[in-house]
């Protein structure tokens, strides 16, 4: 690999995930005694399976004056079956009594190996997105961060499967409220927040709230860099320095829908790449997957097959009106998720009558979009918690 190409691939590693974490140990959580209860239907979505003390550090050893817990909780797969998802609950240690605002937060792409899970990086101070999360805890807010399905728990990570991600986010909020040590309550106001993959998850959580988790008092959703149309995102990245996204997404879709039979489409080079990606975090995965074309890794393009196309379309954002206001933003020069994809999400939600405040980020690209917009998105959520009117601009 040429030096310039290598540097660009490493740069896109940060852009892909915003959270380049590669801890040495795995956070592979066994569902333990709760597995039979989940399988038997004894637990409801958001019920806790396990919890244990953890810690939250944006940098190694950096104090944050917070309490944190690693949790395993009951959620739901894209097919409607019960599963176990892991995550982290973080609460400021400020002496505050009674309910406080709760943010359910979804990180950007971190990879598909269990060791990449946010809950594995927080105690070590190796999760870069923790710096954005700390902005929320400094406001006195509690934060629940899902690891997503299959990232930190048995099975492959269902990366880019919108329904599974959205349900995991909503159930993380439920689990945080049901964690006694967190000091939250059923009346805790909830905000939904995420960018990139996290933006897809947050957007799905916003759309699913009224049907899947109406018990949560959701005040608003802040979401950006949303890969709202996976087919368009795949076409945009095929053969580019962001092409690793395509192959990770194929792993994720196949994890949720094994009948897609990803393996049957791969040539030897494709099998080797997918095998390596399953054991990689986003930094090394971006390098491994960059500048690869679908044609060079397959005997037949799965994305041209009706069953694959149907599953990708099932993850499209914009098919249902969020029942709470939305702050939606996208960088004009986004080099991974086309700006037009974000605009289409806005148009679809506006056509359905959603209350959307849309922002174009005029300067910067994918990763800088969340860095510059995160404080503004947090302030927008603060205004929702305060009950102030929304300035929608559909």
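In the numbering used here, the protein residues as written are 9 to 402. Cβ coordinates follow ideal geometry from the N, Cα and C atoms, glycine included.
Test item: CB-CB of residue i and residue j under 9 Å
i: residue 324; j: residue 246; result: no
i: residue 145; j: residue 92; result: no
i: residue 125; j: residue 190; result: no
i: residue 211; j: residue 155; result: no
i: residue 339; j: residue 233; result: yes
i: residue 201; j: residue 389; result: yes
i: residue 398; j: residue 360; result: no
i: residue 84; j: residue 175; result: yes
i: residue 192; j: residue 185; result: yes
i: residue 120; j: residue 350; result: no
i: residue 86; j: residue 170; result: yes
i: residue 63; j: residue 109; result: no
i: residue 347; j: residue 341; result: yes
i: residue 117; j: residue 205; result: yes
i: residue 107; j: residue 195; result: yes
i: residue 278; j: residue 305; result: yes
i: residue 165; j: residue 263; result: yes
i: residue 97; j: residue 187; result: yes
i: residue 239; j: residue 313; result: no
i: residue 452; j: residue 268; result: The first residue shown for the chain is 9 and the last is 402, placing residue 452 beyond what the model contains.
i: residue 248; j: residue 298; result: yes
i: residue 310; j: residue 273; result: yes
i: residue 114; j: residue 213; result: yes
Residue burial classification, residue i (beta-carbon count within 10 angstroms, cutoff 16)
i: residue 281; result: buried
i: residue 15; result: Caution is warranted here: a pLDDT of 37 is assigned to residue 15, below 50, making its placement in the model unreliable, and the coordinate value is therefore given only provisionally. Under this definition residue 15 is an exposed residue.
i: residue 271; result: exposed
i: residue 122; result: buried
i: residue 157; result: buried
i: residue 307; result: exposed
i: residue 379; result: exposed
i: residue 303; result: exposed
i: residue 401; result: exposed
i: residue 105; result: exposed
i: residue 301; result: exposed
i: residue 315; result: exposed
i: residue 381; result: buried
i: residue 371; result: exposed
i: residue 135; result: buried
i: residue 40; result: Here residue 40 scores only 41 on pLDDT, less than 50, and its place in the model should not be relied on; the value that follows carries that caveat. Flag for residue 40 reads exposed.
i: residue 50; result: exposed
i: residue 173; result: buried
i: residue 368; result: exposed
i: residue 250; result: buried
i: residue 61; result: exposed
i: residue 89; result: exposed
i: residue 293; result: buried
i: residue 243; result: exposed
i: residue 266; result: exposed
Beta bridge counterpart(s) of residue i as assigned by DSSP
i: residue 82; result: 92
i: residue 58; result: 80
i: residue 413; result: In the structure as shown, the chain begins at 9 and stops at 402. Residue 413 is therefore absent and cannot be evaluated.
i: residue 296; result: None, per the DSSP bridge assignment.
i: residue 118; result: DSSP, once it has assigned bridges, lists no residue as partnering residue 118.
i: residue 335; result: 230, 365
i: residue 282; result: Paired residue(s): none; residue 282 is not in a bridge.
i: residue 3; result: Residue coverage of the chain in this structure runs from 9 to 402, which leaves residue 3 outside it and unanswerable.
i: residue 306; result: 274
i: residue 135; result: Residue 135 pairs with nothing; no bridge assigned.
i: residue 112; result: 152, 200
i: residue 289; result: 119
The ligand ATP heavy atom lying under 8 Å from the CB of residue i
i: residue 114; result: In the structure on display, the ligand ATP does not appear, and there are no ligands present to speak of.
Close-in-space but distant-in-sequence residues of the same chain around residue i (CB under 6 Å, 5 per side omitted)
i: residue 66; result: 138, 139, 142
i: residue 385; result: 230, 335
i: residue 75; result: 99, 101
i: residue 225; result: 197, 198
i: residue 112; result: 152, 177, 180, 181, 200
i: residue 253; result: 245
i: residue 258; result: 270
i: residue 235; result: 208, 241, 345
i: residue 183; result: 54, 56, 79, 81
Beta-carbon proximity list for residue i, same chain, < 8 Å, skipping 5 on both sides
i: residue 7; result: Any answer about residue 7 is impossible in this case: the structure gives the chain only from 9 up to 402.
i: residue 393; result: 109, 197, 199, 227
i: residue 286; result: 120, 121, 164, 259
Residues near residue i in its chain [Cβ-Cβ closer than 7 Å; skip 5 each side]
i: residue 218; result: 331
i: residue 288; result: 119, 121, 296
i: residue 148; result: 100, 102, 104, 108
Closer than 9 Å to chain D by CB, residue i
i: residue 344; result: Reference to chain D is not applicable here, since this structure consists of a single protein chain.
Within the segment 356-391, ranges of the beta strand (DSSP E) (whole runs, at least 3 residues):
Counting only runs of 3 or more, we get 364-369.
I'd like the ranges of any beta strand (DSSP E) spanning at least 3 consecutive residues and lying wholly in the segment 160-233.
197-203, 225-232, all fully within the segment 160-233.
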